[in-house]
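Residue numbers (my numbering): 21 to 839.
What follows is a set of notes on a single structure, which appears directly below.
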C-alpha cells in the first residue's frame, strides 16, 4: 500500500490505513500496529566492543607468523630451560611487540488519537497515525498529504533528493504512469525533511527503516568498509613473505638433517645415537628455523606504516582535510575518479540571484549580480559598471519611474523570508531559499531614500518602515504566483490600486486572479545555486593529475548540466549525449549497459541514494571481474550521500554537511573547499612513495638477517644474532631510520603523473631482485665481520675458525662443558 499511496486518492489511502482523519487511531490499534511495524526508529549498527577491536589488530599475515614463532618459543622453553637461563625472554619480547602494536591500532582513534490531539515522541508513531505538521517542523515519518491547511505547502528535501529549491506539496493523487521517483511524488512528505511553508494534515504510511530515510540508514549498516589499497598490498606482501619464510625455514631444517645426531650427542652428552638424541638435534635446528622466521619478519613495519600515515594525517589537517580513518590517508594517492554530489559540495547550497532583467519603455536591460552566498555583498553590474537603484534612471512604464528601485521594493516586500548575520559573521536564511535570495538582491540594489538607514539589512529595513503589509495572496499551484497588498502608513494609496484589505476577494483564493490583473512587468530575476568559487580550478587540477570527476546529483538534468559546464566537468559546446544520464535511465540499463555507460559518464542527475551507491560500487569492481577497477572517492554533504560515501574507497564529507554524512565518510573537509581534495591526493601519493622507500629499506635489512642466520648455520657457527637481537635490530636499529623516510615531502611533479592502478604490485620482480642482492650483501658482510672479529681482530679472541665452530661444544649442557 505504502509504495502506491501517491497514486491513490486521499479517501482510498485513509481506507487502506483504516483510519478516520477526524478521530485518529485508538490506543489498542496503535499497540497492535506497533507489534507489526515496531518503533519509528532508524536501524543502527552495533558497535564492536573494545576487546573485539583489539583482537582485530592481530588479523595480519606477518603477525600470524610472529604469533606462531612466539608459541613455538614458549613450547620449547618448557623443555629447554637451564638453571641459569631465562627461557621465556624471547617469547615474552615477541608477544610484547605484538600487544603494543595491537594497542596502537585500537586507540586511534502533534498526533490525533481517539479524537484528541496529543504531542508524543516521533518514535511512537505507527502507520495510519494522523499527524499535523506546520512550518518549521521536521516531518516525523513518510506521510501522505491528506489536507492542506494553508494555500501553499513547501518542503525542503535537499538532504534526501539533492534538490536545492524547496518542493511544493499537495493532496492530489498522481497518475500511476508517473515516474516512480521521490522528486515526482508531490503528495508525499518524507521523514527528516523540513516544512518551510504552510501547514497540513497527513497520514503516516511508513515508519522506521521502511521510510526513504530509513532505507538510507539500512544501506549504511549493510555496507562494509572498503579496504585501503595499501592494506591490500601489505596483505599480499604478507602472503608472499609467508610462503618465502616457510620454504626458507624448511630448507634450513632439511639441510641440517645429517647434523641431527651429532648435534643431539653434543647437547645431551650421550655416547650413543638414540631416537631421543636425534629428536634433540632436530628440535635444536627447528628452533633455528624459528629464529629465521623472526629474522624474516619486519616487526617494525606496522609501527612505521602507522607513523607514516599519522604524519600524513597531520599534513592533511594543515590543508583542512581531517582524516577520520587512518588508512584513508594513503587511499587518496591512488584515487582515479572522484564522484561528487552537486548541491552543497560543488555549489554553495545558497540560492543567489545571478542575472536581472529590467523592463524599459522600449525593450529591456540585462544586469549581472555578483555574490554566491546569502551575504548581502557584491555589486549589480550594467555593462561591467556598478549601478544601484539610487543612480539608475530608467523607467519601465509611465507608472514606474525607476525599474531597479521598483524591483528592490518588490523583492523585499513580496517576500516572507529573511537573512540574518550570525555571531560568527556568517549569513543564514530564515524561510525559503529563493525568497532569501531576493532579500539579498534588495541589499545589493539599494533604494532611493535608504542611505541613512542603519543595521545589517538597511535596505530591507527601509522598505519595511515605508510600507505596511495588509494581506498576502499566498502561492498555490493553480495560479503559480504569490503577491502582497501593502500601503504606506497613513495613506490610502496601495501599490497604485484602490483596494480595501477587507475586500472579499482577498479572503477567497479563487478570486485572487481578479486582484492580480492589469499589473506592470517590472523585471525578471535569474536565481541559481551557484558553484563554489574554487571548484573550477580544483577540477582542472584533477584532470592534470589524471583523475576523472563525475557528478552524481538528485537535481534535475538541465540544472545539473548547466552547473557542470560552469565548473568544467562538461566543456563548453560538448554534447551531453552519452555523458549525462538520469537515475531512471540507469535503473533501466542492463549490467553490460551500465558498465559501458560509466566509462564515459560525467553526470548522473535525478538520482536517488541507492543509485549513487550502485554507481560507486560498480566503478570499483576489479578488472578481473569485468569491472573498470577504479579507486573511487565520493564527496557529499547530505544524508542522501551517506550510503555512497561509505561504499566508496574513500568518502569525503563537507565540514558543513550533516552529521550522518560525516559519520559515513573517512575524511572531512573542514573548509568545505573542493581544492582541499587535490591537496589531500598529493599527500596520499607522497605517503605511498615514502611507504615504498621504507619497505625497501626494511626488507633489504631483513633479507640480510635471514642470510646471516642461514649462512651461520651452514658454517656451523654460534648464533651470530639471537632472536631478541633480531627484534632489537628490526624495531629500533631499522625502525627509526625507516621512520625518518616518512618525513620526505612529495616529489616535484607528482601531481602531473597519472594515478597508480589499484592492482599495482607493492613489490614487483625487479624490486625483489634488488632487495635480494642488497640483502645477500648485508648478510654475507655480517657473517664475515663476525668471523673477522672473532678470528683476526687484535681486540677479539683471536681463535681459529675451527675453534670458532667448536665453540658450540662448550655450551652449557654439552658433554664437553659437563666434563
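Note that the Cβ used here is the ideal one computed from N, Cα and C, for glycine as well.
Since the structure is predicted, the reported quantities are computational estimates derived from the model, not experimental observations.
Take residue i and list the residues in its own chain whose beta-carbon comes closer than 6 Å to its own, dropping the five residues that flank it on each side.
i           : result
residue 393 : 368, 370
residue 329 : 346, 349
residue 770 : 705
residue 253 : 782
residue 29  : 193
residue 584 : 571, 590, 623
residue 565 : 771
Which class does residue i belong to by DSSP, given the choice of helix, strand or coil?
i           : result
residue 843 : Shown here, the chain extends from 21 to 839; a query on residue 843 therefore has no answer.
residue 439 : strand
residue 434 : coil
residue 195 : coil
residue 693 : coil
residue 586 : helix
residue 425 : helix
residue 218 : coil
residue 621 : coil
residue 565 : coil
residue 163 : strand
residue 188 : strand
residue 507 : strand
residue 448 : strand
residue 597 : coil
residue 467 : coil
residue 602 : strand
residue 801 : helix
residue 154 : strand
Alpha carbons only, please: which of the options is nearest the one belonging to residue i?
i           : options            : result
residue 160 : 592, 142, 256      : 142
residue 451 : 186, 55, 691, 618  : 186
residue 52  : 712, 145, 237      : 145
residue 189 : 792, 178, 23, 215  : 215
residue 656 : 673, 644, 640      : 673
residue 797 : 778, 157, 723      : 723
residue 778 : 608, 639, 151      : 639
residue 727 : 793, 534, 218      : 793
residue 273 : 260, 304, 295      : 304
residue 382 : 541, 486, 479      : 541
residue 136 : 685, 41, 614, 226  : 41
residue 366 : 384, 174, 744, 588 : 588
residue 60  : 322, 436, 228      : 228
Near residue i, which residues of its chain fall below 8 Å by C-beta distance, leaving aside the five closest residues on each side in sequence?
i           : result
residue 374 : 388, 389, 546, 547, 548, 550
residue 391 : 372, 397, 398, 460, 464
residue 401 : 387, 388, 389, 390, 407
residue 409 : 422, 424, 425, 427, 428, 465, 466, 467, 468
residue 113 : The predicted position of residue 113 is uncertain, since its pLDDT is 46 and thus under 50; a value taken from the coordinates is nonetheless stated next. The answer, listed in chain order, is 743, 744, 747.
Alpha carbon to alpha carbon, how far is residue j from residue i? Give it in angstroms, no decimals.
i           : j           : result
residue 578 : residue 202 : 18 Å
residue 425 : residue 444 : 31 Å
residue 697 : residue 477 : 36 Å
residue 596 : residue 626 : 15 Å
residue 819 : residue 809 : 10 Å
residue 789 : residue 268 : 17 Å
residue 237 : residue 604 : 22 Å
residue 58  : residue 134 : 21 Å
residue 775 : residue 574 : 29 Å
residue 602 : residue 624 : 5 Å
residue 915 : residue 453 : Since the first residue shown for the chain is 21 and the last is 839, residue 915 is missing from the structure and cannot be characterised.
residue 717 : residue 675 : 39 Å
residue 157 : residue 678 : 18 Å
residue 715 : residue 209 : 56 Å
residue 35  : residue 148 : 10 Å
residue 442 : residue 173 : 28 Å
residue 378 : residue 544 : 6 Å
residue 340 : residue 332 : 12 Å
Note down, in chain order, each residue of its chain lying with its Cβ closer than 7 Å to the Cβ of residue i, except the 5 sequence neighbours on either side.
i           : result
residue 395 : 447
At what residue ranges does the region 636-681 contain a whole run of the beta strand (DSSP E), taking only runs of 3 or more? Listed in chain order, the complete beta strand (DSSP E) runs (minimum 3 residues) inside the region 636-681 are 652-656, 670-674.
What beta strand (DSSP E) runs, 3 residues minimum, are completely inside the region 358-393? For the region 358-393, whole beta strand (DSSP E) runs of length 3 or above, ordered along the chain, are 372-379, 384-389.
Alpha helix (DSSP H) runs wholly inside the region 525-554, at least 4 long, in chain order: Counting only runs of 4 or more, we get 532-535.
Whole alpha helix (DSSP H) elements within the region 24-51, 4-residue minimum: As far as the region 24-51 is concerned, its whole alpha helix (DSSP H) runs of at least 4 residues are 30-37.
At what residue ranges does the region 720-786 contain a whole run of the alpha helix (DSSP H), taking only runs of 4 or more? Complete alpha helix (DSSP H) runs here, min 4: 743-748, 755-760.
Which full runs of the alpha helix (DSSP H) of 4+ residues lie inside the region 309-350, going along the chain? Whole alpha helix (DSSP H) segments, 4+ residues: 321-338.
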